[in-house]
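Student:
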DNA sequence: GTGAAAGCGCTAACAT
DNA sequence: ATGTTAGCGCTTTCAC
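Protein chains in written order, with my numbering: chain A, 401 to 746; chain B, 401 to 746.
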């Protein structure tokens, strides 16, 4: 139907056109030592004249591919988009190109996707909230420079960037307590695996909630609905909490999407927010700031997390022996219209 | 700090371990002709014993990389996530791995990203709502099998999958007219480029709006605010429309996110929806279905678009000479709570 | 400073 | 049916 494109311009074409060796072209390409300014100019001119573009895959067979792989568990979570913005912004000046591996929920899919990235010889990996076993992550990091985002705990093999989820949960509890609330409930993402209980953000948020409640002398008021970080999970969790004999006056949802489900359940129960019950959550995604919803939520500066992750990754590609670093960012609370003084509820 | 991973297992290791030639291993890998069942078994056993995984980049230097590249203009648009789901679902059974190129708004960034995918020798490309010139798309498609999603017009070089945006706009107008509305305004994404006026969905929706209004004898009521498909664009557009001497009784926003901005502007003007004014939009994203918003919106089966795109792409990889196909899907209208009979507004 | 030549892991002609 | 060999486009010794 259509004539195929002409053969690709290669390093050989450039070398011939510039009357030099392929080695010289390669050196110019990599800004490597051993090329005189005169040669550099000659080669560069030939490159532009021929419209040469290096073949990343072929380069990878010996050197680098200039490709960074980013794995995200879920495309629909807008917070991840912020992280990605930070990564691409930080990498914008460099020669690195970012490619994403989409939607890998579950350990098996995650393993497949990570393997796929390694098989495509990416120069570095950013794993966002991975669920794989720690040993597996260490193994991956030994194979290719890796930064893990959004998972607590340190490793000798990979750098980490996390938000201080315990502090974030405390911000919410402090805020609600200062509004006079005592019966503050939490909707968590159910977790059984022991390592994940220590490392996953959801578990840290639940722990932060507990700790903060205890710090305020409210240990008897601790009340947790254990569902999942989804819209339905929020709906279900809120229904459970609203059915309690002593209904909570405030609900702390572990994520914005959970809060949305909770808001629906509250409305269905004929209650108003924040009149009858306050709702706060975590992530401060675009949903939270949207006017009609206007959710009080913990902000995690995802963009900054992405910037840090990219910086750490490039550093590690440069020096694989450097000791691993753990970056922890402090969250802030954005108070909006879903939380109010408890008096209003009585 | 950490000992590097051992050298990768290659086809040579497998061949030696199975006491056969590398060719034999390659044949087994590709299910190619010329390998006896006995040899096949022997090689396969060696592969699993050694934990062999083919090096995609190296394969690509001669044959395929088994990688499909998907370009999306915007990660935050949830509709694109549906398309991606369809693509990955359809490709789930095959050996192809999907990689995404993130956020490339603007022709220049788009060109860079597409080049990057070609330089990484992807086997096929899915371009979602690209803004590049038609000639450029044709050139890309001559280089690598390509399917274009969400852009009207046919090409001899690439297959297309689109939603019938003209029909979708007509669904909205028909619905509003049936509710008694006559002063139905539209917020469009401003477009000047001639080709894009014919090919981009936003332009098609505006055209569908005009055509439908005319079909209903309402050509004198045609009223368009020309802003952009963003939250702010919706806000601005709605403010313009609300300031008209004869305020519209219904607004058809070109996208859900536009409708959200419009809803805010309507609320700020002290008007209610759908009491004072009806609002309908396009995309039926998760935002539209969210309870408190509950937006009447046109549903484009994004998932099906992804499935079709992936199918067409694999077909084209198999046979590059096949004639190009154009798949057009029919939208449906999902009526929710932001549209009501016009009597209520008077 | 420059270039010839070997090889990265794999596929595809071409023997046998 | 099986193996030998020559590349794919690039980087990297290692001579000069």
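All residues carry an ideal CB built from backbone N, CA and C; glycine is no exception.
Being a predicted model, the structure only gives us computed values, none of them experimental.
Between the Cα of residue 681 (chain B) and the Cα atoms of B:694, B:655 and B:661, which residue gives the shortest distance?
Tutor: Minimum Cα distance to residue 681 (chain B) is reached at B:655.
Student: Residue ranges of each alpha helix (DSSP H) run of no fewer than 4 residues wholly in the segment 499-557 of chain A, ordered along the chain?
Tutor: As far as the segment 499-557 of chain A is concerned, its whole alpha helix (DSSP H) runs of at least 4 residues are 507-519 and 534-543.
Student: Could you name the residues of the same chain whose beta carbon sits closer than 8 Å to that of residue 647 (chain A), not counting the 5 residues immediately before and after it, in chain order?
Tutor: 583, 641 and 677, listed in sequence order.
Student: What residue range is occupied by the uninterrupted beta strand (DSSP E) comprising residue 729 (chain B)?
Tutor: It spans 726-729 - the beta strand (DSSP E) in which residue 729 (chain B) sits, taken as one unbroken run.
Student: Could you please give the first and the last residue of the uninterrupted beta strand (DSSP E) stretch that includes residue 443 (chain B)?
Tutor: Looking at the DSSP string, residue 443 (chain B) is not in any beta strand (DSSP E); the run it does join, the alpha helix (DSSP H), is 437-450.
Student: Which class does residue 732 (chain A) belong to by DSSP, given the choice of helix, strand or coil?
Tutor: Correct three-state label for residue 732 (chain A): strand.
Student: Answer with buried or exposed for residue 745 (chain B), where buried requires no fewer than 16 other C-beta atoms within 10 angstroms of its C-beta.
Tutor: Residue confidence is low: residue 745 (chain B) scores 42 on pLDDT, short of 50, so the model does not pin down where it sits. Its coordinate-derived value is still stated next. Buried is the call here.
Student: Mind reading off the beta-carbon distance from residue 617 (chain B) to residue 661 (chain B)? Whole number of angstroms is fine, and I expect it under 8 Å.
Tutor: 30 Å between Cβ atoms; not a contact.
Student: Identify, in the order they occur along the chain, each residue of the same chain with its Cβ nearer than 8 Å to the Cβ of residue 450 (chain A), setting aside the five sequence neighbours on each side.
Tutor: 409, 413, 414 and 417, listed in sequence order.
Student: Are there three or more Cβ pairs, one per stretch, closer than 8 Å when the segment 468-478 of chain A is compared with the segment 508-524 of chain A?
Tutor: Taking 8 Å as the limit for Cβ pairs, the verdict is that the segment 508-524 of chain A does touch the segment 468-478 of chain A.
Student: Are there three or more Cβ pairs, one per stretch, closer than 8 Å when the segment 476-489 of chain A is compared with the segment 701-708 of chain A?
Tutor: Taking 8 Å as the limit for Cβ pairs, the verdict is that the segment 701-708 of chain A does touch the segment 476-489 of chain A.
Student: Between which two residues does the alpha helix (DSSP H) holding residue 567 (chain A) run?
Tutor: Where residue 567 (chain A) is concerned, the enclosing alpha helix (DSSP H) stretches over 565-578.
Student: Could you name the residues of the segment 490-501 of chain A whose beta carbon sits closer than 9 Å to any beta carbon of chain B, in the order they occur along the chain?
Tutor: Residues 497, 498, 499, 500 and 501.
Student: By a C-beta neighbour count over all protein chains shown, 10 Å radius and 16 as the cutoff for buried, is residue 742 (chain A) buried or exposed?
Tutor: With 16 or more other Cβ atoms within 10 Å, it is buried.
Student: Beta-carbon of residue 519 (chain B) versus every beta-carbon of chain A: anything under 7 Å?
Tutor: So, interface residue.
Student: Can you give the Cα-Cα distance for residue 558 (chain B) and residue 540 (chain B), rounded to whole angstroms?
Tutor: In a straight line, the C-alpha of residue 558 (chain B) is about 9 Å away from that of residue 540 (chain B).
Student: Out of curiosity, what's the CA-to-CA distance linking residue 407 (chain B) and residue 464 (chain A)?
Tutor: Using only the alpha carbons, I get a separation of about 16 Å.
Student: Beta carbons nearer than 8 Å to chain A: which residues of the segment 657-677 of chain B have them?
Tutor: Of all residues in the segment 657-677 of chain B, 660, 663, 664 and 667 have a Cβ within less than 8 Å of some Cβ in chain A.
Student: Is the shortest distance between the beta-carbon of residue 630 (chain A) and the beta-carbons of chain B less than 7 Å?
Tutor: Chain B contact via Cβ: absent.
Student: Alpha carbon to alpha carbon, how far is residue 575 (chain B) from residue 792 (chain B)? Give it in angstroms, no decimals.
Tutor: Look at the range of chain B in this structure, 401 to 746, and you will see that residue 792 (chain B) is not part of it.
Student: Counting only the same chain and skipping the five closest in sequence on each side, list residues whose C-beta sits under 8 Å from that of residue 740 (chain B).
Tutor: Excluding residues within five positions, the ones whose Cβ falls inside 8 Å are 579, 674, 675 and 678.
Student: Can you say whether residue 518 (chain A) is buried or exposed, counting buried as having 16 or more other CB atoms within 10 angstroms of its CB?
Tutor: With 16 or more other Cβ atoms within 10 Å, it is buried.
Student: Which residues bound the beta strand (DSSP E) around residue 586 (chain B)?
Tutor: Where residue 586 (chain B) is concerned, the enclosing beta strand (DSSP E) stretches over 584-589.
Student: With a threshold of 8 Å, are at least 3 pairs of Cβ atoms found where one atom belongs to the segment 452-460 of chain B and the other to the segment 683-698 of chain B?
Tutor: Contact fails: fewer than three Cβ-Cβ distances are below 8 Å.
Student: Which of the three DSSP states is assigned to residue 485 (chain B) in this structure?
Tutor: Here residue 485 (chain B) sits in helix by DSSP.
Student: Taking 7 Å as the CB-CB cut-off, is residue 455 (chain A) touching chain B?
Tutor: Interface residue, yes.
Student: Based on Cα-Cα distance, which residue from A:502, A:497 and A:459 lies nearest to residue 475 (chain A)?
Tutor: Of the candidates A:502, A:497 and A:459, the one whose C-alpha sits nearest the C-alpha of residue 475 (chain A) is A:502.
Student: Going by CA-CA distance only, name the one from B:535, B:473 and B:545 that's closest to residue 510 (chain B).
Tutor: Comparing Cα-Cα distances from residue 510 (chain B) to each of B:535, B:473 and B:545, the minimum goes to B:473.
Student: Starting from the beta carbon of residue 692 (chain A), find every residue of chain B whose beta carbon is closer than 9 Å, and list them in chain order.
Tutor: Those are 660, 663, 664, 667, 692 and 693, listed as they occur along chain B.
Student: My output table needs one value for residue 410 (chain B): the three-state DSSP class, helix, strand or coil.
Tutor: Note: residue 410 (chain B) maps to coil in three-state DSSP.
Student: When the distance is taken between beta carbons, is residue 425 (chain A) closer than 7 Å to residue 411 (chain A)?
Tutor: Cβ distance < 7 Å, so residue 411 (chain A) and residue 425 (chain A) count as in contact.
Student: Mind checking if residue 543 (chain A) is an interface residue toward chain B, Cβ cutoff 7 Å exclusive?
Tutor: Judged by the 7 Å Cβ criterion, residue 543 (chain A) is in contact with chain B.
Student: Return the bridge partner residues of residue 682 (chain B) from the DSSP annotation.
Tutor: Looking at the DSSP assignment, residue 682 (chain B) forms a beta bridge with B:698.
Student: Which same chain residues end up closer than 6 Å to residue 717 (chain B) when comparing Cβ atoms and leaving out the 5 residues on each side of it in sequence?
Tutor: Excluding sequence neighbours, residue 717 (chain B) sits near 523, 524 and 545.
Student: Assuming the contact rule is C-beta atoms closer than 8 Å, residue 362 (chain A) and residue 650 (chain A) should be a hit. Round their C-beta distance to whole Å, please.
Tutor: With chain A represented from 401 up to 746, any question about residue 362 (chain A) goes unanswered, as that position is not in the structure.
Student: Quick one: Cα of residue 572 (chain A) to Cα of residue 733 (chain A), how far?
Tutor: Going by the C-alpha atoms only, they are around 7 Å apart.
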